[in-house]
Amino acid sequence: ASIGFALDDAIWQSHAKVPAEVICHNDFSLHNLAFTKGVLVGAIDFDMCSPGPRLWDIAYLATRVVPLTSSTPEGAPGMDDARRRVDLLLRAYGSDATWDDVLRVAIIRLVDLADMSIKKAVELQKPYLRDEAADYERDAQFLRGLRRAN
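So the sequence shown is numbered by my numbering: it starts at 261 and just counts up by one.
Shown next as structure tokens:
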């Protein structure tokens, strides 16, 4: 969804981001991807879609699948090979973005998620969303450190 979509009077579940290059999924992560025999065959859960830059979804996906997180999930590869995995993701997408571009946008994305989680914790009376916000903030701080180290 990248050519010819009108934004006039459109209502989105998630706020639009600039530049509005495509319709972003906004939760493009493993839990929303379908695989058959290890091959990606589809994506689900499009309720949070909104216009935004291509890198918005790519950077968030990188935080989840590379992963680019403050603590490595059990069974996930470590950070020693993270740049190569980010480069593979960018090449597979056909993006000319860089490692630093991904980190920069991922930080913005994670802060946005933290802010949204805090608001939803209050609005929906779901305190566990504050814990998720803290995780997003911790990961954003980790990525800031990676950017400074480069």
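In this text, a Cβ means the ideal position worked out from N, Cα and C, and glycines have one as well. Given the structure is predicted, the values throughout are model-derived calculations rather than measurements.
Can you have a look at residue i and say buried or exposed, based on whether 16 or more other CB atoms are within 10 angstroms of its CB?
| i | result |
| --- | --- |
| Pro311 | buried |
| Ile304 | exposed |
| Pro327 | buried |
| Arg344 | exposed |
| Ile318 | buried |
| Val346 | buried |
| Tyr396 | buried |
| Ala357 | buried |
| Asp287 | buried |
Rounded to whole angstroms, what is the Cα-Cα separation between residue i and residue j?
| i | j | result |
| --- | --- | --- |
| Asp340 | Asp399 | 17 Å |
| Ala409 | Ile367 | 15 Å |
| Leu290 | Val325 | 7 Å |
| Gly298 | Ala336 | 16 Å |
| Glu392 | Ser274 | 18 Å |
| Thr323 | Val365 | 10 Å |
| Leu370 | Phe295 | 25 Å |
| Leu267 | Val282 | 11 Å |
| Asp361 | Leu373 | 18 Å |
| Gln385 | Cys284 | 27 Å |
Looking at residue i and the ligand SAM, is the gap between the Cβ and the nearest heavy atom below 8 Å?
| i | result |
| --- | --- |
| Met339 | Ligands are entirely absent from the displayed structure, and the ligand SAM is therefore not among its contents. |
Quick one: grab the DSSP three-state call for residue i.
| i | result |
| --- | --- |
| Phe402 | helix |
| Ser412 | In the structure as shown, the chain starts at 261 and stops at 410, and residue 412 therefore has no counterpart that could be examined. |
| Val325 | helix |
| Ala412 | Outside the shown range of the chain (261 to 410) lies residue 412, about which nothing can therefore be said. |
| Ala303 | strand |
| Leu293 | strand |
| Ile271 | coil |
| Val382 | helix |
| Val282 | strand |
| Ser331 | coil |
| Asp317 | helix |
| Asp287 | coil |
Which whole-angstrom value describes the C-beta separation of residue i and residue j, a residue pair presumed to lie in contact below a C-beta threshold of 8 Å?
| i | j | result |
| --- | --- | --- |
| Leu363 | Leu321 | 14 Å between Cβ atoms; not a contact. |
| Lys277 | Trp316 | 6 Å |
| Pro279 | Pro333 | Not really, about 32 Å apart at Cβ, beyond 8 Å. |
| Phe402 | Ser330 | 4 Å |
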